[in-house]
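Asker: Take a look at the following structure, please.
In this note's numbering, the protein residues as written are 363 to 611.
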């Protein structure tokens, strides 16, 4: 008993030291002010992107939404105006095209908060999926995010320096970017890549007062998910998928 008590006393200072170090080193969340600041949301014409744009507008931000389809962008603009009374800016661009992304961002005000919420979802076993579909998901989900961040960083750094306020880049991944899921091989690969991008980028930009947020939402009732399921319904591509939302396949 005495030896156990002596061991406890010996280890206690180390345990206390570890707790203190954990409290010091552990990253703390940084609240990014939105009121009066420019928030650019990609994939902002529908789904999670539209919901985030609505929230930002409601909190007093100046909001720009970027997506491919001009008509859907206008519908989203009208919906945000109706819900919040805020008129947002819309930009049409394909995130796969770096030159189109640069042109769109040059036409916009400098960005304080960038939300990369664009994405495409085509469920299929890799053996049966075409390389064109694989490439499409990687180019939109992963490369599109690279294009947007690379085009935004110079002005974001300058804005953060001039204002003294923290800037933010939020990258919307997926739970399929944490755990590989049957039938999501290409999609998971495109979303896993976002984690490496976010973690490495945070080291590069933290000194510029830019903070990276990586989001892992579950399957969410959005037009993008519905489109992927609809494609499945009219083919035999997902008859073996063991997921409730695909039971109709």
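Idealized CB from N, CA, C, for every residue including glycine. The structure displayed is predicted, hence computed values, not measured ones.
Alpha carbon to alpha carbon, what distance is there between residue 544 and residue 452?
Answerer: So the alpha carbons of these two residues sit roughly 36 Å apart.
Asker: Give the straight-line distance between the Cα atoms of residue 455 and residue 482, rounded to the nearest whole angstrom.
Answerer: If you draw a straight line from the Cα of residue 455 to the Cα of residue 482, it is about 15 Å long.
Asker: Are the beta-carbon atoms of residue 473 and residue 400 separated by less than 9 Å?
Answerer: yes
Asker: Is the stretch 502–520 touching the stretch 434–454, taking contact as three or more C-beta pairs under 8 Å?
Answerer: no
Asker: Quick check: residue 480 and residue 423, are their CB atoms within less than 9 Å of each other?
Answerer: Contact flag unset, no.
Asker: Let me check understanding here. Comparing Cα to Cα, which of 534, 542, 528 and 552 lies closest to residue 392?
Answerer: Closest by alpha carbon: 528.
Asker: Quick one, which of 405, 506 and 518 has its alpha-carbon nearest residue 572's?
Answerer: 518
Asker: Where does residue 392 fall in DSSP's three states?
Answerer: coil
Asker: Would you report the Cα separation of residue 590 and residue 499, rounded to the nearest angstrom?
Answerer: With a pLDDT of only 49 at residue 590, under the threshold of 50, the placement of this residue in the model should not be trusted, and no figure is reported.
Asker: With a threshold of 7 Å on Cβ separation, who are the neighbours of residue 467 within its own chain once the five nearest residues in sequence on each side are excluded?
Answerer: Residues 513 and 514 of the same chain have their beta carbon placed closer than 7 Å to that of residue 467, with the five preceding and five following residues left out of the count.
Asker: Following a CB-centred definition, is residue 477 positioned closer than 8 Å to any heavy atom of the ligand NAD?
Answerer: Questions concerning the ligand NAD fall outside what the structure shown contains, since it holds no ligand whatsoever.
Asker: Per DSSP, what are the beta-bridge partners of residue 577 in this structure?
Answerer: 534
Asker: Count the C-beta pairs between the stretch 549–563 and the stretch 410–425 that are closer than 8 Å, then say yes if the count reaches three, no if not.
Answerer: no
Asker: Secondary structure at residue 442, three-state DSSP: helix, strand or coil?
Answerer: helix
Asker: Could you check what DSSP says for residue 612 in three-state terms: helix, strand or coil?
Answerer: The structure shown has nothing for residue 612, since the chain only spans 363 to 611.
Asker: Which term fits residue 308, buried or exposed, when burial requires 16 or more other beta carbons within 10 angstroms of its beta carbon?
Answerer: Since the first and last residues shown for the chain are 363 and 611, residue 308 lies out of range.
Asker: Would you give the residue range spanned by the alpha helix (DSSP H) that residue 496 belongs to?
Answerer: Counting along the chain, the alpha helix (DSSP H) containing residue 496 begins and ends at 493–499.
Asker: To the nearest angstrom, how far is the alpha carbon of residue 575 from that of residue 493?
Answerer: 30 Å
Asker: On a Cα-Cα basis, can you pick out the residue from 416, 409, 433 and 395 that is closest to residue 579?
Answerer: The shortest C-alpha separation from residue 579 is found at 409.
Asker: Taking residue 469 as the reference, which of 459, 488, 426 and 476 has the closest Cα?
Answerer: 426
Asker: Determine the DSSP secondary structure at residue 430, reduced to helix, strand or coil.
Answerer: If DSSP states are grouped into helix, strand and coil, residue 430 belongs with coil.
Asker: Could you give the distance in angstroms between the alpha-carbon of residue 506 and the alpha-carbon of residue 447?
Answerer: 30 Å
Asker: Which residue's Cα is closest to the Cα of residue 558: 504, 530, 435 and 407?
Answerer: 504
Asker: So what's residue 454 in DSSP terms, helix, strand or just coil?
Answerer: strand
Asker: Looking at residue 534 and residue 577, is the spacing between their C-beta atoms short of 9 Å?
Answerer: yes
Asker: Tell me which residues share the same chain as residue 560 and place their Cβ nearer than 7 Å to its Cβ, disregarding the 5 neighbours each side in the sequence.
Answerer: If we look at residue 560 and ignore the five residues flanking it on each side, its Cβ neighbours are 533, 574 and 576.
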